[in-house]
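Everything below concerns the one structure shown next.
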Amino acid sequence: MKKSKSLYLLTLTAVFSALSFVGTMINVPMPSGGMVHLGNFVMILAGLLCGGIVGGLSGSIGMGLYDIFAGYNPSTYLRSFILKFIIGLIVGELFRLIIKRKINVKVLLFVFSGVFFVLAILGIIMATKCVDGSFVITISDATKNIKQSDLILAIVFAFLFFALLLAAGILSFKLKYNQQAALFSTTIAMLANMVLELLLRTLLTHFLDGFDFSVAYATALAKIPASILTSFITVFLISFIYLPVHKATKNYNILNDVEVEE
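Per this note's numbering: the sequence shown = residues 258 to 519.
Right, dumping it as structure tokens:
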């Protein structure tokens, strides 16, 4: 049985990797760089249906191979291999944790959205008190300067996270508990994807491609709109597609360890 399950895991990983590859091929390039695609959707679906390992591997392999075949720089496909495995693992494990502990997803969504709203307001207050383009913080006689541009970026992210979590919270009222858990897990995974993508793209472009750090950062920042749109599309699709697919495959998917609501 153990050997059979391992073979099944490998088979599903291969299938979802191929689907993730195809999903990434279905894309719309953005004028500022990057593209809106369905690769993340396939990865998230794999994580919800089969667990974090299958989700992470399918996203890593599928989207990483797409980047290689598309002829992108090593920094791009290395980022996909690392980032997508992390995101697929997060969504699969977080989803199962929520289901197992029967966590109130609606409360979580609104609490998290409230936290990011407060952070955004605090960021605005700090930005208005900047002197010579910097906000100065003094802690235990140590002075720290925060650039106004960095504050503005943090504010944008905070408002974006607030909007996505609030929208997910409102949407959750029309969903069953399993769908709510899938919605929350997907939302958190996509928020993590946006932040880590900006960080990894900047670092890898700087160190591997040899770009100046400021240029690497600006390049990564320009591709954030594509990441935002991809995230919204992924969250929306998962909210309505996950449960029907789960029900349709429950008798065949031996990796499924989550009960389906009827």
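No residue lacks a Cβ here, since even glycine has one placed at the ideal position from N, Cα and C.
Euclidean distance between Cα positions of residue i and residue j
i    : j    : result
A477 : F497 : 31 Å
I381 : I445 : 24 Å
V311 : L512 : 9 Å
S471 : K357 : 44 Å
L408 : L379 : 10 Å
L457 : F338 : 11 Å
F464 : Y474 : 12 Å
V515 : R353 : 7 Å
C387 : I394 : 11 Å
F462 : V368 : Position check: residue 462 holds Thr in this sequence, whereas Phe was assumed. Roughly 35 Å between the two C-alpha positions.
L410 : P331 : 27 Å
N361 : F326 : 43 Å
G280 : F392 : 43 Å
I412 : L264 : 47 Å
G319 : K359 : 32 Å
L500 : K507 : 10 Å
T268 : Y329 : 27 Å
D466 : M447 : 26 Å
K363 : V375 : 19 Å
L455 : V285 : 20 Å
V502 : F430 : 20 Å
G290 : T333 : 13 Å
L266 : L460 : 33 Å
L453 : G390 : 26 Å
Sheet register partners of residue i (DSSP bridge)
i    : result
N510 : For N510, which the question treats as bridged, DSSP gives no partner whatsoever.
V388 : S391
H294 : N284
Cβ-Cβ distance between residue i and residue j below 8 Å
i    : j    : result
D510 : L306 : Reading the sequence as shown, one finds Asn at residue 510 and not Asp. The answer is yes: Cβ separation under 8 Å.
S277 : G316 : yes
A415 : A377 : yes
A483 : M287 : yes
L366 : L432 : no
L440 : I495 : yes
G309 : G349 : yes
A425 : V492 : yes
S274 : L314 : yes
A449 : I347 : yes
L302 : S442 : no
F418 : F468 : no
M282 : Y323 : yes
Near the ligand SAH: residue i beta-carbon under 7 Å from a heavy atom
i    : result
L423 : By its list of ligands, the structure shown contains no ligand whatsoever, and the ligand SAH lies outside what it can speak to.
Next on the checklist: With three or more beta-carbon pairs closer than 8 Å as the criterion, would you say the stretch 290–302 touches the stretch 471–491?
Outcome noted: yes
Checklist entry - Do three or more CB pairs link the stretch 461–478 to the stretch 402–409 at distances below 8 Å? => result no
Checklist entry - Is the stretch 381–391 in contact with the stretch 341–358, if contact means three or more CB pairs nearer than 8 Å? => result no
Item to check | Whole alpha helix (DSSP H) elements within the stretch 406–482, 4-residue minimum | outcome: 434–464 and 470–479
Checklist entry - Where in the stretch 333–385 do unbroken runs of the alpha helix (DSSP H), each at least 4 residues long, occur, reported from the N-terminal end onward? => result 362–385
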